[in-house]
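Just below is one structure, and these are the notes that go with it.
There are 2 protein chains.
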Amino acid sequence: MTSATLTIDLDAIAANWQALDAQTSCETAAVVKANAYGLGADRVAQRLARAGARRFFVALAEEGLSLRKALGEGPEICVFSGHMAGDTDMIRQAQLVPMLNSVEQMQRHQASLRTHPYGIQLDSGMNRLGMEPAEWAGLREAAMAGPLRMVMSHLACADEPDHAMNPHQLRMFDQMTQGLSVPRSLSATGGILLGADYHFDLTRPGIGLYGGQPFAAARQVATIEVPVIQIRDVVPGESVGYGNAWVARTPARIATIAAGYADGILRAMGPKAYVRAGATRCKVVGRISMDLIGVDVTNCKTIPDSVELLGPHQSVDALAEAAGTIGYEILTSLGARYARRYLET
Amino acid sequence: MTSATLTIDLDAIAANWQALDAQTSCETAAVVKANAYGLGADRVAQRLARAGARRFFVALAEEGLSLRKALGEGPEICVFSGHMAGDTDMIRQAQLVPMLNSVEQMQRHQASLRTHPYGIQLDSGMNRLGMEPAEWAGLREAAMAGPLRMVMSHLACADEPDHAMNPHQLRMFDQMTQGLSVPRSLSATGGILLGADYHFDLTRPGIGLYGGQPFAAARQVATIEVPVIQIRDVVPGESVGYGNAWVARTPARIATIAAGYADGILRAMGPKAYVRAGATRCKVVGRISMDLIGVDVTNCKTIPDSVELLGPHQSVDALAEAAGTIGYEILTSLGARYARRYLET
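Protein chains in written order, with this note's numbering: chain X, 1 to 345; chain U, 346 to 690.
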């Protein structure tokens, strides 16, 4: 195998889930949408089920269908996008619980799967998914009459603990759900860290499971090792890579490594990105290409066979900062070309 | 199916290959590395083989192994990263032709697969892959003595026709390969467009096949349709999405669509991106989330069921410009969650 290796520590994911669970006195679900943030929904969910998670969230019914095959019967699989046109068969077949987002979705569900469990997603101010207060007021009684499993909403600014949007959404959600006799859920990872007022009956951590901010205490989950294809020495004035974007000012030793933006190493991070060769921090030089990256290994005492892009020395958030984005996007971009290795006790 | 749909026009890819082939009087290969730039190497290569392509290029031996299964025996599959440690079995088993990049790779190949065909990749100035002039001078005679299939190099600035690097690399490549009796290859899509001097015996188009610049005459290949999950009306002062990054100044109608950066819709394009709903151009509002995007559909005469992100009205290069990157990265980022549909006569 000469492709880059992505190692995923399933035990670290389970430990992160347990650590987040320990921060609340309510139930803790697990968000495994987008293929568990790119790390492999089947393996991640199986490991979390073993750790005690009984409720999982995905974005689309298709993801739920696939996850049901991995988890078998038992765990509850909830779908954020609700009951969309075309979802009915998947929801029934895989026993999914759609989070109904609108009157239209409620009507669709009642018309096709009247006795099938559902949740309700409320909009508490993010204006992205969920019913508005007025819609909900008109529907609340009918919704409570069916097999309603939970009522949920989502915070827009939970990563900024001091943002006024947080207490505003908390107040809105509280008002919209007062007196209900079903479980209520407002918080993902960021909301868990905002404190007990935000926990209600069920939390839904995602990024915190996978080692990303804002859960600073998370164990590191993903490691990427990229093999070196070849090494060359360049003299001052020589350029490296597309567009001659990097030119050597001093004699330098350049390693060409076997990964690129097709592996989700976002092209935007090029000018600010580093990798590790053992203890040595090595700067990326030149533009990141589709399958190749130039790295300055001049300061390495021995010529490396491979370099570490992500791991103990460089978090997803450090890479995200280099690319001007967030850790979530680093993870979901990782792509299909890695040799994937799962660590699990 | 409620996931977004990615439609790939295989006939358009074949037509682009034929159009690029018609620009030269030499052989035209096809670059299908990185899963054919994200569009599906198996289907793309099978269609191109039907159109007449007999030589394919991939980045890694693993890709070659997989491609051989799709193509069967016959077509030549060349590997840009050459013969890396650990590649030997794959090269033999799948009858791959490694483009040897260094003395070390040449030695590895001779030690393990002495009679197995290979190519030589030369560095004509990009300092990324390939042998340096001095290395090559020492190795040339030995390389010619074995089953050498071709000698190749790669241009660093072919997308900029007036760049001085182009004639410089041409001169270097010419000098390094004069008098050789094997096929020579220097150009990918950009190089083909630089004119006959750059064509030699074999060209290797990649991006031009898939509808991206710099091949302006390319037929459009990929279309992305994203379903609408729900519609809501917002009043001035209401925000949409994470971080309250977008705030309505006038009454607006917002559609939440079922795709996001986990589908390769790069988060960076958010502030400048548009989608189409029928004839209406609709602005992306708020931050692109992992699975969801807000779109301003205020000006739509009818409420859309889905919107077009990529297609006749918006090229990969237009999306790339919004994201501050290149069309190549738009394609390779597309991800695994789309319902993929292939068009083929």
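Every residue gets a Cβ at the ideal spot worked out from N, C-alpha and C, and that includes glycine.
Next item on the list: Measure the alpha-carbon distance for Q46(X) versus G119(X) and round it to whole angstroms.
Entry: For the purposes of this step, residue 46(X) is identified with residue 46 of the first sequence, where counting begins at 1. For the purposes of this step, residue 119(X) is identified with residue 119 of the first sequence, where counting begins at 1. Rounded to whole angstroms, Q46(X) to G119(X) spans 23 Å at the Cα level.
Item checked: Segments assigned alpha helix (DSSP H), at least 4 residues, entirely inside the segment 153-221 of chain X -> 165-177 and 189-193
Item checked: S66(X) at chain B interface by Cβ criterion, 7 Å -> In the structure shown, chain B cannot be found, because the protein chains are X and U.
Check: Nearest to P183(X) by alpha carbon, out of P236(X), Q121(X) and G138(X)?
Finding: Here residue 183(X) corresponds to residue number 183 of the first sequence, with the count starting at 1. It is Q121(X) whose Cα lies nearest to the Cα of P183(X).
Notebook entry, point to check: So G409(U) is in the alpha helix (DSSP H); what residue range does that whole segment cover?
Noted result: Start at 1 with the first residue of the second sequence, and residue 409(U) comes out as number 64. Segment A406 to L416, the alpha helix (DSSP H) holding G409(U).
Next item on the list: For H116(X), collect the residues of the same chain with a Cβ closer than 6 Å to its Cβ; drop the 5 residues on either side in sequence, then sort them by chain order.
Entry: Looking up residue 116(X) in the first sequence gives position 116. Around H116(X): no qualifying Cβ.
Notebook entry, point to check: Between C300(X) and the rest of its own chain, which residues show a CB-CB distance below 8 Å, the 5 nearest in sequence each way excluded?
Noted result: Working through the first sequence from its first residue, we reach residue 300(X) at position 300. Excluding residues within five positions, the ones whose Cβ falls inside 8 Å are R253, A277, G278, T280 and C282.
Checklist line | Reduced DSSP category for P227(X) - H, G, I as helix; E, B as strand; rest coil | finding: The residue labelled residue 227(X) in the question sits at position 227 within the first sequence. P227(X): strand per DSSP, three-state reduction.
Check: Any idea what DSSP makes of M476(U), helix, strand or coil?
Finding: Residue numbering aside, residue 476(U) sits at position 131 when the second sequence is read from its first letter. M476(U): strand per DSSP, three-state reduction.
Item checked: Touch test, the segment 403-421 of chain U against the segment 214-226 of chain X, Cβ-Cβ under 8 Å, three pairs minimum -> no
Notebook entry, point to check: Is the Cβ of Q244(X) closer than 7 Å to any Cβ of chain U?
Noted result: For the purposes of this step, residue 244(X) is identified with residue 244 of the first sequence, where counting begins at 1. The sequence given here places Asn at residue 244(X); Gln does not occur at that position. Yes, because at least one Cβ of chain U sits closer than 7 Å to the Cβ of N244(X).
Check: By how many angstroms is the C-alpha of G680(U) removed from the C-alpha of G346(X)?
Finding: One cannot answer for residue 346(X) here, as it falls past the ends of chain X, which runs 1 to 345.
Checklist line | Chain-ordered chain U contacts of M290(X) [CB-CB under 9 Å] | finding: Position 290 of the first sequence holds residue 290(X). The answer, in chain order, is K378, A379, Y382, A404, G551, Y673, E674 and T677.
Next item on the list: Keeping to the same chain, check which residues put their C-beta closer than 6 Å to that of M614(U); ignore five residues upstream and five downstream.
Entry: Taking the first residue of the second sequence as 1, we reach residue 614(U) at position 269. Cβ within range, chain order: A667 and A668.
Checklist line | C-beta neighbour in chain U for L129(X), strict 7 Å | finding: By 1-based counting over the first sequence, the position of residue 129(X) is 129. Yes, because at least one Cβ of chain U sits closer than 7 Å to the Cβ of L129(X).
Checklist line | Alpha carbon of W136(X) to alpha carbon of M176(X), nearest angstrom | finding: The residue given as residue 136(X) occupies position 136 in the first sequence. The residue given as residue 176(X) occupies position 176 in the first sequence. Going by the C-alpha atoms only, they are around 8 Å apart.
Notebook entry, point to check: Is E344(X) close to chain U, meaning its C-beta is less than 7 Å from at least one C-beta of that chain?
Noted result: Walking along the first sequence from the start, residue 344(X) turns up at place 344. Closer than 7 Å: no.
Notebook entry, point to check: Which residues bound the alpha helix (DSSP H) around S112(X)?
Noted result: Taking the first residue of the first sequence as position 1, residue 112(X) is located at position 112. Segment V103 to S112, the alpha helix (DSSP H) holding S112(X).
Check: With distances taken from CA atoms, which of K617(U), A488(U), P596(U) and R682(U) is nearest Q455(U)?
Finding: For the purposes of this step, residue 455(U) is identified with residue 110 of the second sequence, where counting begins at 1. Out of K617(U), A488(U), P596(U) and R682(U), A488(U) has the C-alpha closest to the C-alpha of Q455(U).
Margin query: the ligand COA and P147(X): does any heavy atom of the ligand fall closer than 6 Å to the residue's C-beta?
Written below: Although the ligand COA was asked about, the structure shown includes no ligands whatsoever.
Checklist line | Under 7 Å between C-beta atoms of S289(X) and G264(X) | finding: What you label residue 289(X) is simply residue 289 of the first sequence in a count that begins at 1. What you label residue 264(X) is simply residue 264 of the first sequence in a count that begins at 1. For S289(X) and G264(X), no; Cβs fall outside 7 Å.
Next item on the list: Please compile the residues from chain X whose C-beta is within a distance smaller than 7 Å of the C-beta of T601(U).
Entry: The residue given as residue 601(U) occupies position 256 in the second sequence. Neighbours of T601(U) on chain X, chain order: R128 and L129.
Note to self: By alpha-carbon positions, which one of H83(X), P205(X), L310(X) and V226(X) ends up nearest to A19(X)?
What the structure shows: In the first sequence, counting from the first residue as 1, residue 19(X) sits at position 19. That would be P205(X), whose Cα lies nearest to the Cα of A19(X).
Next item on the list: Measure the Cβ-Cβ separation of D21(X) and A61(X) and say whether it is below 7 Å.
Entry: Here residue 21(X) is taken as the residue at index 21 of the first sequence, counted from 1. Here residue 61(X) is taken as the residue at index 61 of the first sequence, counted from 1. No, these two residues do not count as a Cβ contact at 7 Å.
Note to self: Let me make sure I understand the geometry here. Which of A41(X), R43(X) and M152(X) has the alpha-carbon closest to that of P133(X)?
What the structure shows: Sequence index remark: in the first sequence, residue 133(X) carries index 133 (1-based). Checked all of A41(X), R43(X) and M152(X); the closest Cα to P133(X) is M152(X).
Next item on the list: Inspect the beta-carbon positions of V652(U) and V620(U) and report whether they are closer than 7 Å.
Entry: Taking the second sequence and counting its residues from 1, one reaches residue 652(U) at position 307. Taking the second sequence and counting its residues from 1, one reaches residue 620(U) at position 275. Contact flag set, yes.
Item checked: Complete beta strand (DSSP E) runs within the segment 259-336 of chain X (minimum length 3 residues, chain order) -> 274-277, 280-285, 293-296 and 306-310
Checklist line | L484(U) in three-state terms, based on DSSP | finding: Along the second sequence, one-based indexing puts residue 484(U) at 139. L484(U) falls in the helix class under three-state DSSP.
Checklist line | DSSP three-state assignment for M471(U), whether helix, strand or coil | finding: Numbered from 1 along the second sequence, position 126 holds the residue referred to as residue 471(U). Looking at M471(U) - three-state DSSP - the assignment turns out to be coil, as it is neither helix nor strand.
Checklist line | Rounded C-alpha distance that separates S187(X) from R577(U) | finding: The residue you call residue 187(X) lines up with position 187 of the first sequence. The residue you call residue 577(U) lines up with position 232 of the second sequence. Looking at the two C-alpha atoms, the distance is approximately 23 Å.
Margin query: Starting from Y37(X), trace the alpha helix (DSSP H) in both directions and tell me its first and last residue.
Written below: Here residue 37(X) refers to the residue found at position 37 when the first sequence is read from its first residue. First-last of the alpha helix (DSSP H) with Y37(X): K33 to Y37.
Note to self: Would D432(U) pass as an interface residue toward chain X - the criterion being a Cβ-Cβ separation below 7 Å?
What the structure shows: Within the second sequence, residue 432(U) is the residue found at index 87, counting from 1. Judged by the 7 Å Cβ criterion, D432(U) is in contact with chain X.
Margin query: So if DSSP puts V389(U) in a beta bridge, which residue, or which two residues, is it bridged to?
Written below: Start at 1 with the first residue of the second sequence, and residue 389(U) comes out as number 44. None; V389(U) has no bridge partner.
Notebook entry, point to check: In whole angstroms, what is the alpha-carbon distance linking S370(U) and H544(U)?
Noted result: Translated into the one-based positions of the second sequence, residue 370(U) becomes position 25. Translated into the one-based positions of the second sequence, residue 544(U) becomes position 199. Spanning the two alpha carbons is a distance of roughly 8 Å.
Item checked: Three-state secondary structure (DSSP) of D432(U) -> One-based indexing of the second sequence puts residue 432(U) at position 87. Here D432(U) sits in coil by DSSP.
Margin query: Based on DSSP bridge pairs, tell me the residues matched to T5(X).
Written below: Looking up residue 5(X) in the first sequence gives position 5. Its beta-bridge partners are E225(X) and A339(X).
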